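Student:
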Amino acid sequence: HFTNFHCLVPDLPEQGKNRSKDHFSINFSAEKIIELIEEKGKGKTVIVIGFSLGAQVLIAMLSMKPN
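Numbering-wise, the sequence shown is residues 1 to 67 according to our numbering.
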């Protein structure tokens, strides 16, 4: 069904396997995901989905880069 899609499912900074002693920040997470999208999604249509904490990060991303 989704043969034309490439999915990325990153751990947010300070979540999952990316835990350290730093404090979690929604804005920092949004910046890191934007960097990932810019690196991996060059010239492609990108669909971003966020659930729970990911939705909060997505809202921050949209405020930083609405397009």
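Even glycine gets a Cβ: it sits at the ideal position worked out from N, Cα and C.
Please read all numbers here as calculations on a predicted model, not as lab measurements.
Nearest CA to the CA of L8: which residue from K65, L36, V57?
Tutor: Closest option to L8, Cα to Cα, is L36.
Student: Using a Cβ-Cβ cutoff of less than 7 Å, which residues in the same chain neighbour V46 once the five nearest sequence positions on both sides are dropped?
Tutor: Only I37 meet the Cβ criterion.
Student: Which one of N4, F2, A55, G41 has the shortest CA to CA distance from I26?
Tutor: Ranking the options by Cα distance to I26, first place goes to A55.
Student: Please say whether K65 and I33 have beta carbons closer to each other than 8 Å?
Tutor: No, the Cβ-Cβ distance between I33 and K65 is not below 8 Å.
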